[in-house]
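Colleague: Just passing along the structure, written as structure tokens.
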Amino acid sequence: MGTLSLPVRLALPEEAQAGSVVSLRLLLQHPMETGYRIGEDGARIPRHILTTLRVSYGNRMIANLTLRPAIAANPYLALSFIADQTGLVTLEVEDDRGAKLMETRLLTVVP
Amino acid sequence: MAERLTRRQVLAGGGGALTLTVLPQALGAATVPETGDLRAVFKAHFGDQVPTPGGVRLDVSRLVESGLSVAVSLRGDDLKDPPEALYLFMPRNPEPWGLEAHFQPPALPELATRIRLSATQNLTAVGRWADGRLGLDSVTVLVTRGACIDENYGQWVR
Chain A
0 MGTLSLPVRL ALPEEAQAGS VVSLRLLLQH PMETGYRIGE DGARIPRHIL
50 TTLRVSYGNR MIANLTLRPA IAANPYLALS FIADQTGLVT LEVEDDRGAK
100 LMETRLLTVV P
Chain X
0 MAERLTRRQV LAGGGGALTL TVLPQALGAA TVPETGDLRA VFKAHFGDQV
50 PTPGGVRLDV SRLVESGLSV AVSLRGDDLK DPPEALYLFM PRNPEPWGLE
100 AHFQPPALPE LATRIRLSAT QNLTAVGRWA DGRLGLDSVT VLVTRGACID
150 ENYGQWVR
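Structure below.
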């Protein structure tokens, strides 16, 4: 509960040329337990998945993803956007047990 | 002589007809394995609108060893006419709705991830545009070993 204390690996350049495509790659450590597997005691292992990923850039929400059990364990996600201003890139990740993770990086845009 | 003639007749006539009638069905079975049914899923997501092929591109390997982690990427075809949302559906998974992504500029309408596939199926990406248009791209992915086989018990769990 509370804050997700998961390792997050985020690949995002610190600097980009104005108008260029910036790729954002994210690797999260999470079981993404589907809720369909049966454990050693014969009971279903309860679902535990990441549900939401939101990306904002320069105070604009640019991507909002709903993740489902079909996303593989330790999710990898790659997104891209056009660099148009120097600003903060913020990632917000939530799971279905109320845990949250926030990661912020500064992207400097050079002309 | 009479026997040889009949065999030729069989080969030339009946045999040919047989291959002609059997082959399309066999090919159909091989190239379009169980597709599952997305009609109900589409209805739940898009109401009465039905996506038609085009506008989005789905890239995925056509043959995968393990359904536990399959790399996929999906994107809108035309950057000047970007879809506002992308969906990924796997009709034969326990839950066919796999992913939904909404984009706002300056984000590009594209993403890559890794997914689970429980069996061979027609993986389908759908794009939805702001004006309500829907487009899809579908790829049949042959899965040798599905994601729903429990590694510890070797049994199917759904």
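If you're matching them up, the sequences are chains A and X in order. Taking numbering that gives the first Met the number 0, I'd label the letters of the first sequence as residues 0 to 110. Taking numbering that gives the first Met the number 0, I'd label the letters of the second sequence as residues 0 to 157. Every residue gets a Cβ at the ideal spot worked out from N, C-alpha and C, and that includes glycine. The structure presented is a predicted model; accordingly, all values stated were derived computationally and were not measured.
(1) Going by the DSSP bridge assignment, what does GLU93 (chain A) pair with across the sheet?
(2) Per the contact definition of three or more C-beta pairs closer than 8 Å, is the segment 56-75 of chain X in contact with the segment 106-117 of chain X?
(3) Would you grab the beta carbon distance between GLU93 (chain A) and THR50 (chain A) for me? Rounded to a whole angstrom, and I think it's under 8 Å.
(4) Just the Cα atoms here: how many angstroms apart are GLU14 (chain A) and LEU122 (chain X)?
(5) Taking THR139 (chain X) as the reference, which of X:ALA43, X:HIS101 and X:PRO90 has the closest Cα?
(6) Cutting at 8 Å between CB atoms, please list the residues of its own chain near ALA84 (chain X), excluding the five before and the five after it.
(7) Take the Cβ of ALA62 (chain A) as the centre, count every other Cβ of all protein chains shown within 10 Å, and call the residue buried at 16 or more, exposed below.
(8) Could you check which residue in A:HIS47, A:LYS99, A:LEU87 and A:ALA98 has the C-alpha nearest to that of LEU105 (chain A)?
(9) Nearest to PRO52 (chain X) by alpha carbon, out of X:ARG144, X:LEU141, X:ARG132 and X:VAL142?
(10) Is there a Cβ of chain A sitting closer than 8 Å to that of HIS44 (chain X), yes or no?
(11) Under 8 Å between C-beta atoms, does LEU66 (chain A) make it to chain X?
(12) How would you call THR107 (chain A), buried or exposed, if buried means at least 16 neighbouring beta carbons within 10 angstroms?
(13) Taking only runs of the beta strand (DSSP E) that begin and end inside the segment 18-72 of chain A, which ones reach a length of at least 3 residues, in chain order?
(14) Would you mind stating whether VAL20 (chain A) and LEU73 (chain X) have Cβ atoms separated by less than 8 Å?
(15) For ARG115 (chain X), which three-state DSSP category applies?
(16) Who does GLY86 (chain A) pair with in a DSSP beta bridge?
(17) If you follow the alpha helix (DSSP H) that ALA39 (chain X) is part of, which residue opens it and which one closes it?
(18) Since ALA10 (chain A) sits in a beta bridge, which residues does DSSP pair it with?
(19) Should ASN58 (chain A) be labelled buried (16 or more other beta-carbon atoms within 10 Å of its own) or exposed?
(20) Quick one, which of X:VAL55, X:VAL71 and X:GLY97 has its alpha-carbon nearest PRO82 (chain X)'s?
(21) When you compare only the Cα positions, how much space is there between ILE44 (chain A) and ALA69 (chain A)?
(22) Sort A:GLU91, A:SER55, A:ILE81 and A:ARG96 by Cα distance to VAL7 (chain A) and report the nearest one.
Modeller: If we stick to the structure as given:
(1) Within the first sequence, residue 93 (chain A) is the residue found at index 94, counting from 1. According to DSSP, which records beta bridges pairwise, GLU93 (chain A) is partnered with A:THR51 and A:LYS99.
(2) By the Cβ rule, the segment 106-117 of chain X counts as touching the segment 56-75 of chain X, because three or more pairs are nearer than 8 Å.
(3) The residue labelled residue 93 (chain A) in the question sits at position 94 within the first sequence. The residue labelled residue 50 (chain A) in the question sits at position 51 within the first sequence. Rounded to whole angstroms, the Cβ separation of GLU93 (chain A) and THR50 (chain A) is 6 Å, and the two are in contact under 8 Å.
(4) Here the question's residue 14 (chain A) lines up with position 15 in the first sequence. Here the question's residue 122 (chain X) lines up with position 123 in the second sequence. Counting only the Cα atoms, LEU122 (chain X) lies some 36 Å from GLU14 (chain A).
(5) Counted from its first residue, the second sequence places residue 139 (chain X) at position 140. Ranking the options by Cα distance to THR139 (chain X), first place goes to X:PRO90.
(6) Position 85 of the second sequence, counted from the start, is the residue given in the question as residue 84 (chain X). Correct list, in chain order: GLU99, ALA100, HIS101, PHE102, GLY126 and ARG127.
(7) Within the first sequence, numbered from 1, the residue matching residue 62 (chain A) stands at position 63. By the neighbour-count rule (16 or more Cβ atoms within 10 Å), ALA62 (chain A) is buried.
(8) The residue labelled residue 105 (chain A) in the question sits at position 106 within the first sequence. Residue A:LEU87 holds the alpha-carbon nearest to the alpha-carbon of LEU105 (chain A) among A:HIS47, A:LYS99, A:LEU87 and A:ALA98.
(9) One-based indexing of the second sequence puts residue 52 (chain X) at position 53. Of X:ARG144, X:LEU141, X:ARG132 and X:VAL142, the residue nearest in Cα terms is X:ARG132.
(10) Reading the second sequence from its first residue, position 45 is the one you call residue 44 (chain X). False, the Cβ-Cβ gap to chain A never drops below 8 Å.
(11) In the first sequence, the residue the question calls residue 66 (chain A) occupies position 67. Yes, LEU66 (chain A) lies at the interface with chain X (some Cβ there is under 8 Å from its Cβ).
(12) Within the first sequence, the letter at position 108 stands for residue 107 (chain A). With fewer than 16 Cβ atoms within 10 Å of its Cβ, THR107 (chain A) is classed as exposed.
(13) Taking only runs of at least 3 residues, the beta strand (DSSP E) segments lying wholly in the segment 18-72 of chain A are 20-27, 49-56 and 59-66.
(14) Translated into the one-based positions of the first sequence, residue 20 (chain A) becomes position 21. Translated into the one-based positions of the second sequence, residue 73 (chain X) becomes position 74. For the 8 Å CB-CB criterion, VAL20 (chain A) and LEU73 (chain X) do not form a contact.
(15) Residue numbering aside, residue 115 (chain X) sits at position 116 when the second sequence is read from its first letter. Coil at ARG115 (chain X), not helix or strand.
(16) As a working note, residue 86 (chain A) is residue 87 in the first sequence. Its beta-bridge partners are A:LEU106.
(17) Residue 39 (chain X) sits at position 40 when you count from the first residue of the second sequence. Residues 38-45.
(18) By 1-based counting over the first sequence, the position of residue 10 (chain A) is 11. As a beta-bridge residue in DSSP terms, ALA10 (chain A) pairs with A:ARG24.
(19) Mapped onto the first sequence, residue 58 (chain A) falls at position 59. Exposed, by the Cβ-count rule.
(20) Walking along the second sequence from the start, residue 82 (chain X) turns up at place 83. Closest option to PRO82 (chain X), Cα to Cα, is X:VAL55.
(21) Residue mapping note: residue 44 (chain A) aligns to position 45 of the first sequence, counting from 1. Residue mapping note: residue 69 (chain A) aligns to position 70 of the first sequence, counting from 1. The alpha-carbon atoms of ILE44 (chain A) and ALA69 (chain A) are separated by roughly 16 Å.
(22) Your numbering for residue 7 (chain A) matches position 8 in the first sequence. Checking every option, the nearest Cα to that of VAL7 (chain A) belongs to A:GLU91.
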